[in-house]
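Below is one structure; the comments refer to it alone.
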Amino acid sequence: MASPLFERMVRAIEAGAFPRSRRFAWKFLYNGLGRLWRDSDWRFMNYGWLPPEGEAPLNLAPEDEAERPFIGLYDHVARGLPLEGARVLEIGSGRGGGARYVARYFKPDTVIGVDFSGPATARARALNADTPNLRFAVGDAERLDFPDASFDVVLNVESSHCYGDMDRFVAEAARVLKPGGWFGWADMRSKGAVTQTDKSLARPEFVLERQRDISADVVRALDAANDRKQNRIAKLRLMRRFMAEFAGTKGSLLYRGLKSGDVTYMSRRYRKL
Ligand SMILES: C[S@@+](CC[C@H](N)C(=O)[O-])C[C@H]1O[C@@H](n2cnc3c(N)ncnc32)[C@H](O)[C@@H]1O
Numbered sequence: 017m018a019s020p021l022f023e024r025m026v027r028a029i030e031a032g033a034f035p036r037s038r039r040f041a042w043k044f045l046y047n048g049l050g051r052l053w054r055d056s057d058w059r060f061m062n063y064g065w066l067p068p069e070g071e072a073p074l075n076l077a078p079e080d081e082a083e084r085p086f087i088g089l090y091d092h093v094a095r096g097l098p099l100e101g102a103r104v105l106e107i108g109s110g111r112g113g114g115a116r117y118v119a120r121y122f123k124p125d126t127v128i129g130v131d132f133s134g135p136a137t138a139r140a141r142a143l144n145a146d147t148p149n150l151r152f153a154v155g156d157a158e159r160l161d162f163p164d165a166s167f168d169v170v171l172n173v174e175s176s177h178c179y180g181d182m183d184r185f186v187a188e189a190a191r192v193l194k195p196g197g198w199f200g201w202a203d204m205r206s207k208g209a210v211t212q213t214d215k216s217l218a219r220p221e222f223v224l225e226r227q228r229d230i231s232a233d234v235v236r237a238l239d240a241a242n243d244r245k246q247n248r249i250a251k252l253r254l255m256r257r258f259m260a261e262f263a264g265t266k267g268s269l270l271y272r273g274l275k276s277g278d279v280t281y282m283s284r285r286y287r288k289l
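According to our numbering, the sequence shown is numbered sequentially starting from 17.
Shown next, in the form of structure tokens:
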């Protein structure tokens, strides 16, 4: 059964009931998760991406196998970008698994992950301390603490739905990118918000290089990760229904939305002029 608290929260956000305070609601949630969710084998907080059956699976080290669906979303966003030797910024890095994947598999010079949740950032540091070309900092997507033109690649995965001002975030991402740099972005939006989101992303200095609806790939990942999530949620003492919604388990609002087309999982790639 759905969590009424979660449904009310999502519907209020969708209706634009409190756009300015949306970021504070999400920060409260991610700070709580950062403090309480101590599992050392969960480095991701995204809904994932898996290719259709028959397509070659991603080649992963055995220790990364359990997180294949979530790594898949990062691989989808990052593969094909000029990452070798690059300075990479991830905005909204959460528990750090995506930044770690990029740092370990794509030979960049440096990956910096920023997240506005202090506890999530502390968790990312602790979970990924074994990766030398990777560091994490507390930082706000809407006010980045980096000079102009300081990165070759900026990544943003399933984070921007939390922001108070999407236009401001995109302007910041464009500002910190070098000319010729790349911006890889993926996130979900309700059907009615897709056009406005594309308008926010379409900065004058950005050229759209790739545009995908990856909803079906995300549903595949939700299916694949469902048992692992349900087993973890069953161990909670409180908020099981809320967490089942938040995690996108089968039957959740998000799961149903992606299947029905009410929610679109968007993926975009831009090059800065
Ligand atoms: C759904 S999690 C995704 C985390 C990570 N990208 C992943 O895929 O595992 C969203 C993350 O965005 C972060 N976030 C939300 N608003 C932010 C903001 N204004 N600036 C930086 N990070 C933010 C949250 O703290 C959270 O860690």
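Beta carbons are placed, not taken as given, at the ideal position from N, Cα and C, and that holds for glycine.
Would you say the beta carbon of residue i comes nearer than 6 Å to a heavy atom of ligand 1?
| i | result |
| --- | --- |
| Ala187 | no |
| Phe167 | no |
| Asp55 | no |
| Glu79 | no |
| Trp42 | yes |
| Asp156 | yes |
| Asp181 | no |
| Asp91 | no |
| Ser37 | no |
| Gly108 | yes |
| Val104 | no |
| Phe132 | yes |
| Ser175 | yes |
| Ala136 | yes |
| Val61 | Note on residue identity: the sequence assigns Met, not Val, to residue 61. Yes. |
| Gly114 | yes |
| Tyr46 | yes |
Nearest by alpha-carbon distance to residue i: which of the options is it?
| i | options | result |
| --- | --- | --- |
| Met284 | Ala250, Arg256, Ser268 and Leu224 | First, the residue type needs correcting, since residue 284 is Arg and not Met in the sequence shown. Out of Ala250, Arg256, Ser268 and Leu224, Leu224 has the C-alpha closest to the C-alpha of Arg284. |
| Val235 | Asp243, Gly208, Ala209 and Leu274 | Leu274 |
| Tyr63 | Thr213, Pro148, Ser268 and Arg226 | Ser268 |
| Gly96 | Tyr121, Tyr271 and Ile107 | Tyr121 |
| Leu105 | Ala157, Arg38, Gly134 and Glu23 | Ala157 |
| Arg184 | Glu79, Val173, Asp146 and Lys215 | Lys215 |
| Gly129 | Asn242, Leu238, Gly101 and Ser175 | Ser175 |
| Arg226 | Met282, Glu83, Gly134 and Phe44 | Met282 |
| Leu160 | Ala142, Ala187, Val173 and Ala72 | Ala187 |
| Val154 | Arg59, Ala263 and Pro135 | Pro135 |
| Val279 | Arg24, Pro73, His177 and Ser133 | His177 |
| Glu79 | Arg205, Met61, Asp57 and Pro73 | Asp57 |
| Ser61 | Arg219, Gly264 and Glu221 | Ser is not the amino acid found at residue 61; the sequence shown has Met there. Comparing Cα-Cα distances from Met61 to each of Arg219, Gly264 and Glu221, the minimum goes to Gly264. |
| Arg287 | Arg244, Asp203, Lys266 and Phe167 | Phe167 |
| Ala82 | Tyr271, Arg244, Arg253 and Met255 | Arg244 |
| Phe132 | Met259, Asp125, Thr147 and Gly110 | Gly110 |
| Leu193 | Glu221, Asp203, Ser206 and Ala77 | Glu221 |
| Arg219 | Met204, Arg248, Ala189 and Ala232 | Ala189 |
| Pro20 | Met259, Leu289 and Ala250 | Met259 |
| Arg253 | Leu52, Thr211 and Arg24 | Leu52 |
| Ala119 | Gly101, Ile107 and Gly108 | Gly101 |
Strictly by DSSP, which residues pair up with residue i?
| i | result |
| --- | --- |
| Ser283 | Ala202 and Arg228 |
| Lys288 | Phe222 |
| Phe167 | Leu193 |
| Asn172 | Trp201 |
What residue ranges within the region 104 to 160 form continuous beta strand (DSSP E) runs of no fewer than 3 residues, ordered along the chain?
-> 126 to 131 and 150 to 154
Every unbroken alpha helix (DSSP H) within the region 229 to 266, with a cutoff of 4 residues, ordered by chain | 231 to 250 and 256 to 262
Ranges of the alpha helix (DSSP H) found wholly within the region 37 to 96, counting only runs of at least 4 | 38 to 52 and 84 to 94
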